[in-house]
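Working notes, beginning with the structure itself.
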Amino acid sequence: MNFFKAIAAAGLIAASASAFSLPARAADITGAGATFPFPVYSKWADAYKKETGNGLNYQSIGSGAGIKQILAKTVTFGATDAPLKADKLDKDGLLQWPMVMGAIVPVVNVEGVRPGELILSGELLGDIYLGKVTKWDDPAIAKLNPKLKLPSAAIAVVHRSDGSGTSFNFTNYLSKVNAEWKSRVGEGTAVEWPAGVGAKGNEGVSGNVGQTRNSIGYVEYAYAKQNKLVYAALINKAGKTVQPTVAAFQAAAANADWAHAPGYYVILTDQPGEASWPITAATFILMQKEPVDKAASTEAIKFFKWSFEKGGKMAEELDYIPMPESVVKQIEKTWTSEIRS
Amino acid sequence: MSAAEERHGAPPFFKGSCEKVFLRRFAGHMRDRKQGIGVAEIAVHGSAMEQAGSHDRTRALNAFRLGDKAFYWTTRICAILVLLLLGGIIVSLIVGAWPAIVQFGSAFLTTQRWAPSAEPPVLGALSPLYGTILTSVIAMAIAIPVGIGIAVFLTELCPLWARRPIGMAIELLAGIPSIIYGMWGFFILGPFLANTVQPFFIDLFAGVPVLGSIFGGPPSYLSLFNASLILAIMVLPFITAISRDVFATVPPVLKEAAYGVGCTTWEVVRHVVLPYTRVGVIGGVMLALGRALGETMAVTFIIGNSFRISPSIFAPGTTISAAIASEFAESDGLHQSSLMLLGLLLFVLTFFVLAAARLMLLRLEKKAGKQA
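Shown next as structure tokens:
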């Protein structure tokens, strides 16, 4: 008796569930990877679901894990902050393109210093992270900031403890601008940090810097803005001091030569141009060229196409930078020529 | 329950030979005769009794036999499952760690560098091992005296009405999820230690040869010392609960005799209670140590996650479990394999600590058995 009741109940639940999801007959798109673009992907997914009824299930488990999942073909697309090189893409039959851009900013917590007041050069930032410049009143810092009165306190360096695309872009930048960093530490999602403490995730670093006096860290711009952290200005490749603004991020992005990069392998750090913010980064999508589930793959491409067309404003609201139109056109061409559906 | 009461309570038609058969069967199974009768009675009242009127005895007996067998195999499969799981975990850890074992060999244990992005990657377990052992040792150094002190107070000195509330408060500490300790350590304890306790020690020992570098500056919100202190609070309930239980096993006559000849409470604890329960207390300490070695979330929050060995306990460091927790998601290849090897090391370390604890508790039981 109970048994039949249970079956009837289950049937009812199933029926009502399918009634709700009727417009979305196609299976939800699944993706996994980078945490950095998660806020904008989920915002797009919400809007897309409202408009088309098709859902997106994105798990922000980290770039490395995202790459692993797409290689194992357990998801429709993977997302990574550190792009894969063209030969690796060819070997694994993957297609890669940039989806959205963002920026990484150094954040500090020093008494009396307001947002954008402190000016750092890439080399100096490298020396601080190398543990060579250890005090806030170091002559190297004072030289760039003659007007600021900085305390004679030890610099508490904060870095990411987990492997992350943010760290990849940050260390990539330091390697470009600080020779000693390049030879001693290098670039990677997880490196051998010569100084400081590690905190987990962008929120861990912003939490740590917000709480620790005389500290310095690096986070994705949106986190600095949301947590009202004191960001520093940077001196870019052209020798100009730039503030982290959307215009500066866009200037860096505009300089990138996407057209001639196989697999769109472009790292946006240390771009030329007077207005360019030096630590700008793109985040990438990975898909199988010959997908197992062709229907899901087609749905995913539809979603990305929609996002490029209508998601720009939403991305800007969250302090991300949409891809320039010329790049989008090129990416769309790549889809039709490369992905078999 | 006496045998007469038993028989009185049994259903009338089961008196005589049938009852004896059941009794013997269950007595054989349970060894404990008294309990056996109880169970037989329940069983008879339950399923077999209704049928017994119309069906013959063998059927009832068969029903019991079948139930017995099913029960035996269910429990046995459960037990085997645990062993299989344990074996599976060990095997998969070894398989996962194999590339790192081949690549680094025993140098893994003595290398301090942890550079997964270097070409080629250099990965060594020395700094997480150092952090794991150091934090556990400091945590035990704090938790053992405090934990035993609380247990002594609860069993010897505390007024009766306050024993339960205090005991329960201590046990509640064990129920707090470790992430809560981590957050508390990060937001409250870390700043407090960095602003008060650490500067005090740094100033106190400044200039003293060895202590000066152990308690060397600068103060840090995230450090080995902070992690040790949190660990100490986390393992405290284990030490207290076990110590309190073994202290309660001391025969009152021993304590009363000691008090009778004029011993102070301290002397009774020092010369009667502690010697009598020494092995049990050590067993409890080892269990706590096992927990301290493997604690992950709280430590990850407050240790600073830095792969360096510094002479100062106020410097950030890392432990095996913290390293795995923070790096595993984004690792691959040799890096991931090395994290697996770290996990294997921790497994072996914890296994030995727990084995030692078991051994000591076993010795305690033997000792108690002889005295009884």
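Just so you know, the protein sequences line up as chains U and A, in that order.
So the first sequence is numbered by numbering that gives the first Met the number 0: it starts at 0 and just counts up by one.
So the second sequence is numbered by numbering that gives the first Met the number 0: it starts at 0 and just counts up by one.
Using N, Cα and C, we set each Cβ at its ideal position, and we do this for glycine too.
Quick one: list the residues of chain A neighbouring U:I234, beta-carbon separation under 7 Å, in chain order.
Locating residue 234 of chain U in the first sequence gives position 235, counting from the first residue. What U:I234 touches in chain A: nothing, since even the nearest Cβ is about 26 Å away.
Range of the contiguous beta strand (DSSP E) that encloses U:F283:
As a first step, residue 283 of chain U must be located in the first sequence, where it is residue number 284. T279 to Q287 is the extent of the beta strand (DSSP E) around U:F283.
Out of curiosity, what's the CA-to-CA distance linking U:S15 and U:L117?
The residue given as residue 15 of chain U occupies position 16 in the first sequence. The residue given as residue 117 of chain U occupies position 118 in the first sequence. Residue placement at U:S15 is poorly supported in this model, since its pLDDT is 46, which falls under 50; the coordinates still yield a value, given next. Roughly 58 Å between the two C-alpha positions.
Chain-order list of residues whose beta-carbon lies under 7 Å from that of U:K301 (same chain, five-residue window excluded):
Mapped onto the first sequence, residue 301 of chain U falls at position 302. Nothing meets the Cβ criterion.
Would you tell me roughly how many angstroms separate the C-alpha atoms of U:G195 and A:P217, rounded to the nearest one?
By one-based count along the first sequence, residue 195 of chain U stands at place 196. By one-based count along the second sequence, residue 217 of chain A stands at place 218. Approximately 12 Å, taken between the alpha carbons.
Distance, A:R64 Cα to A:T57 Cα:
Here residue 57 of chain A refers to the residue found at position 58 when the second sequence is read from its first residue. Here residue 64 of chain A refers to the residue found at position 65 when the second sequence is read from its first residue. Using only the alpha carbons, I get a separation of about 10 Å.
Can you name the residues of chain A whose CB is closer than 7 Å to the CB of U:T211?
Here residue 211 of chain U refers to the residue found at position 212 of the first sequence. Near U:T211 (Cβ distances below 7 Å), the residues of chain A are Y220.
As a quick exercise: from U:Q68, U:A78 and U:A71, pick the residue whose alpha carbon is nearest that of U:Y40.
In the first sequence, the residue the question calls residue 40 of chain U occupies position 41. If we check each option's Cα against that of U:Y40, U:A78 comes out closest.
Under three-state DSSP, which class holds A:F313?
Along the second sequence, read from residue 1 onward, the residue named residue 313 of chain A stands at position 314. Coil.
Which residue from A:T74, A:D244, A:S330 and A:G316 puts its Cα closest to that of A:S135?
Indexing the second sequence from 1 puts residue 135 of chain A at position 136. Out of A:T74, A:D244, A:S330 and A:G316, A:G316 has the C-alpha closest to the C-alpha of A:S135.
Measuring alpha carbon to alpha carbon, tell me which of A:L210, A:I187, A:P274 and A:L292 ends up nearest A:M233.
Your numbering for residue 233 of chain A matches position 234 in the second sequence. Cα-wise, what sits closest to A:M233 is A:L292.
Is the distance from the Cβ of U:A198 to the Cβ of U:V157 below 8 Å?
Taking the first sequence and counting its residues from 1, one reaches residue 198 of chain U at position 199. Taking the first sequence and counting its residues from 1, one reaches residue 157 of chain U at position 158. Cβ atoms of U:A198 and U:V157: closer than 8 Å.
Anything in chain U within Cβ reach of A:A59, meaning under 9 Å, just list it in chain order.
For the purposes of this step, residue 59 of chain A is identified with residue 60 of the second sequence, where counting begins at 1. The premise fails here: A:A59 is roughly 29 Å from chain U at the closest Cβ pair, so nothing lies under 9 Å.
Spell out the partners DSSP gives U:F76 in its beta bridges.
Walking along the first sequence from the start, residue 76 of chain U turns up at place 77. BP columns for U:F76 point to U:G30 and U:M286.
For U:S59, collect the residues of the same chain with a Cβ closer than 6 Å to its Cβ; drop the 5 residues on either side in sequence, then sort them by chain order.
Here residue 59 of chain U is taken as the residue at index 60 of the first sequence, counted from 1. So the list reads T34 and F37, once near-sequence residues are dropped.
Residue environment, A:V75, which counts as buried when at least 16 other CB atoms sit within 10 Å
Counting from 1 along the second sequence, the entry for residue 75 of chain A is found at position 76. It is worth fixing the name first, because residue 75 of chain A is Arg in this sequence and not Val. Answer is exposed; the Cβ neighbour count stays below 16.
Looking at chain A, is there any beta carbon in it that lies within less than 8 Å of the beta carbon of U:E202?
Here residue 202 of chain U is taken as the residue at index 203 of the first sequence, counted from 1. False, the Cβ-Cβ gap to chain A never drops below 8 Å.
Beta carbons nearer than 7 Å to chain A: which residues of the segment 170-182 of chain U have them?
none
Please go through the same chain and pick out, in chain order, the residues whose beta-carbon is closer than 8 Å to the beta-carbon of U:K384, but skip the five residues on each side of it.
In this structure chain U extends from 0 to 340, so residue 384 of chain U is not present and cannot be described.
Following the continuous beta strand (DSSP E) through U:M98, name the residue where it begins and the one where it ends.
The sequence position of residue 98 of chain U within the first sequence is 99, counting from 1. Taken as a continuous stretch (DSSP letters only), the beta strand (DSSP E) holding U:M98 covers L93 to N108.
Check each residue of the segment 38-63 of chain U: if its Cβ is closer than 7 Å to any Cβ of chain A, include it; give the result in chain order.
I60, G61, S62 and G63
Quick one: what's got a C-beta closer than 7 Å to A:I301's C-beta in the same chain, skipping five residues either side?
Within the second sequence, numbered from 1, the residue matching residue 301 of chain A stands at position 302. The residues are G181, G184, F185, G189, L221, N225, A226 and I229.
When U:M100, U:L123 and U:Q68 are compared against U:L317, the one with the closest alpha-carbon:
Within the first sequence, the letter at position 318 stands for residue 317 of chain U. U:L317 has its Cα closest to that of U:M100, out of U:M100, U:L123 and U:Q68.
Using the Cα positions of A:T349 and U:K49, report the straight-line distance between them to the nearest angstrom.
As a first step, residue 349 of chain A must be located in the second sequence, where it is residue number 350. As a first step, residue 49 of chain U must be located in the first sequence, where it is residue number 50. A:T349 and U:K49: Cα-Cα distance of roughly 52 Å.
Taking a cut of 9 Å between CB atoms, which residues from the segment 103-128 of chain A lie near chain U?
R112, W113, A114, P115, S116, A117, E118 and V121
If you count every other CB in all the chains shown that lies within 10 Å of the CB of U:S109, and 16 or more means buried, which is it?
Mapped onto the first sequence, residue 109 of chain U falls at position 110. Note that residue 109 of chain U corresponds to Val in the displayed sequence, not to Ser. Classification of U:V109: buried, given that the 10 Å Cβ count is 16 or more.
Which residue comes first and which comes last in the alpha helix (DSSP H) that contains A:Y71?
Within the second sequence, the letter at position 72 stands for residue 71 of chain A. Here the alpha helix (DSSP H) through A:Y71 covers R56 to F103.
Quick test of your reading: U:V229 and U:G216, contact by CB under 8 Å. State the CB separation rounded to the nearest angstrom.
The count along the first sequence starts at 1 and reaches residue 229 of chain U at position 230. The count along the first sequence starts at 1 and reaches residue 216 of chain U at position 217. No, U:V229 and U:G216 are not in contact; Cβ-Cβ is about 11 Å, not under 8 Å.
Would you check if the distance between the CB atom of U:G162 and the CB atom of U:G61 is smaller than 8 Å?
Walking along the first sequence from the start, residue 162 of chain U turns up at place 163. Walking along the first sequence from the start, residue 61 of chain U turns up at place 62. In contact: U:G162 and U:G61 (Cβ atoms closer than 8 Å).
Please name the residues in the segment 152-165 of chain U whose beta-carbon is closer than 8 Å to at least one beta-carbon of chain A, in chain order.
A153, A155, S160, D161, G162 and S163
Mind checking if U:V265 is an interface residue toward chain A, Cβ cutoff 8 Å exclusive?
Position 266 of the first sequence, counting from 1, holds the residue named residue 265 of chain U. By this cut-off, U:V265 is not an interface position.
Cα separation between A:A314 and U:S160?
Within the second sequence, residue 314 of chain A is the residue found at index 315, counting from 1. Within the first sequence, residue 160 of chain U is the residue found at index 161, counting from 1. Straight-line Cα distance between these residues: approximately 16 Å.
Quick one: give me the first and last residue of the beta strand (DSSP E) that U:S120 is part of.
One-based indexing of the first sequence puts residue 120 of chain U at position 121. Counting along the chain, the beta strand (DSSP E) containing U:S120 begins and ends at I118 to S120.
Given A:E118 as reference, the closest of U:N171, U:E186, U:T51 and U:V327 once Cα atoms are compared
Against the second sequence, residue 118 of chain A aligns to sequence position 119. Taking only the C-alpha atoms, the option nearest A:E118 is U:E186.
Do you know how far the Cα of U:G130 is from the Cα of U:T335?
Walking along the first sequence from the start, residue 335 of chain U turns up at place 336. Walking along the first sequence from the start, residue 130 of chain U turns up at place 131. If you take the alpha carbons of U:T335 and U:G130, they lie about 49 Å apart.
Cutoff 8 Å; reference U:T333; Cβ partners in own chain excluding five residues on either side
Position 334 of the first sequence, counted from the first residue, corresponds to residue 333 of chain U. L94 and W96.
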